[in-house]
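Heads up, the thing below is written out as structure tokens.
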Amino acid sequence: MVKTALDNFPRPPCAELLGWRLLDARPEEGWIKLGFEGKPEFCNPAGFIQGGMLSAMLDDTMGPAVLVMSEGRLYTTTISMTVNFLSPAKPGPIIGEATVTQLGKTIAFVEAKLTAADGTLLATASATERLLEAARVVR
């Protein structure tokens with residue numbers, strides 16, 4: 041496993057709820073791969089994971105991509121995020137990947153996708169992120 045700035049970063053309760061775990065990262069490329077657990081309690085009445093939970097997974101993939109690329113210097117708050125739901129997500133393992141497409145001085149642009157364990161593309165997202173100094177905002 042590659043060492044990243046996430047190794048010493050506090051994991052928020054929402055990440056724990058989602059089953060967040062680092063699988064791989066290429067900090068120099070602004071790329072990160074995470075695992076999530078699509079829990080049955082995340083499901084809608086049809087038995088699929090509710091879109092808001094998938095959106096949370098996407099958001100919790102894109103922010104860490106910036107943190108890893110900046111070697112822990114930059115924390116993000118999401119300004120806007122567009123999500124496209126492509127396939128129904130069943131309970132089980134979900135893989136999130138994100139890439140920082142542009143890192144500016146105050147704003148970052150990030151793209152992400154979620155896939156099921158069988159490789160089915162579940163959702164994609166793009167986000168605009170405000171950049172903050174991590175040392176000033178992270179407790």
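Residue 179, in this note's numbering, is where the sequence shown stops; the numbers in between run on with no holes.
We put the CB at the ideal spot given by N, CA and C, even for glycine.
The structure presented is a predicted model; accordingly, all values stated were derived computationally and were not measured.
Mapping DSSP to helix, strand and coil, what is Gly70? Position 30 of the sequence shown, counting from 1, holds the residue named residue 70. Coil, per DSSP.
Along the chain, where does the beta strand (DSSP E) that runs through Glu169 open and close? Position 129 of the sequence shown, counting from 1, holds the residue named residue 169. Start and end: Leu161 to Glu173.
Assuming Ala157 and Gly136 form a contact by the criterion Cβ under 8 angstroms, report the distance between their Cβ atoms to the nearest whole angstrom. Taking the first residue of the sequence shown as 1, we reach residue 157 at position 117. Taking the first residue of the sequence shown as 1, we reach residue 136 at position 96. Not a contact, Cβ separation roughly 12 angstroms.
Glu172 and Leu107 closer than 8 angstroms at C-beta: Translated into the one-based positions of the sequence shown, residue 172 becomes position 132. Translated into the one-based positions of the sequence shown, residue 107 becomes position 67. For the record, residue 172 in the displayed sequence is Leu; it is not Glu. Their beta carbons are not under 8 angstroms apart, which means Leu172 does not touch Leu107 by this criterion.
Rounded to whole angstroms, what's the CA-CA distance from Val177 to Tyr115? Just pull it up for me. Numbered from 1 along the sequence shown, position 137 holds the residue referred to as residue 177. Numbered from 1 along the sequence shown, position 75 holds the residue referred to as residue 115. Each residue's Cα considered, the two are about 8 angstroms apart.
Alpha carbon to alpha carbon, how far is Phe49 from Leu63? Here residue 49 is taken as the residue at index 9 of the sequence shown, counted from 1. Here residue 63 is taken as the residue at index 23 of the sequence shown, counted from 1. Looking at the two C-alpha atoms, the distance is approximately 16 angstroms.
Give the range of the alpha helix (DSSP H) segment to which Ala96 is assigned. Here residue 96 refers to the residue found at position 56 when the sequence shown is read from its first residue. Counting along the chain, the alpha helix (DSSP H) containing Ala96 begins and ends at Gly91 to Met109.
Assigned exposure category for Val140 - 16 Cβ within 10 Å defines buried: Counting from 1 along the sequence shown, the entry for residue 140 is found at position 100. Its Cβ being crowded by 16 or more others within 10 Å, Val140 is buried.
Exposure of Thr44, with buried meaning 16 or more beta-carbon neighbours within 10 Å: Residue 44 sits at position 4 when you count from the first residue of the sequence shown. The residue in question, Thr44, is buried, as its Cβ has 16 or more Cβ neighbours within 10 Å.
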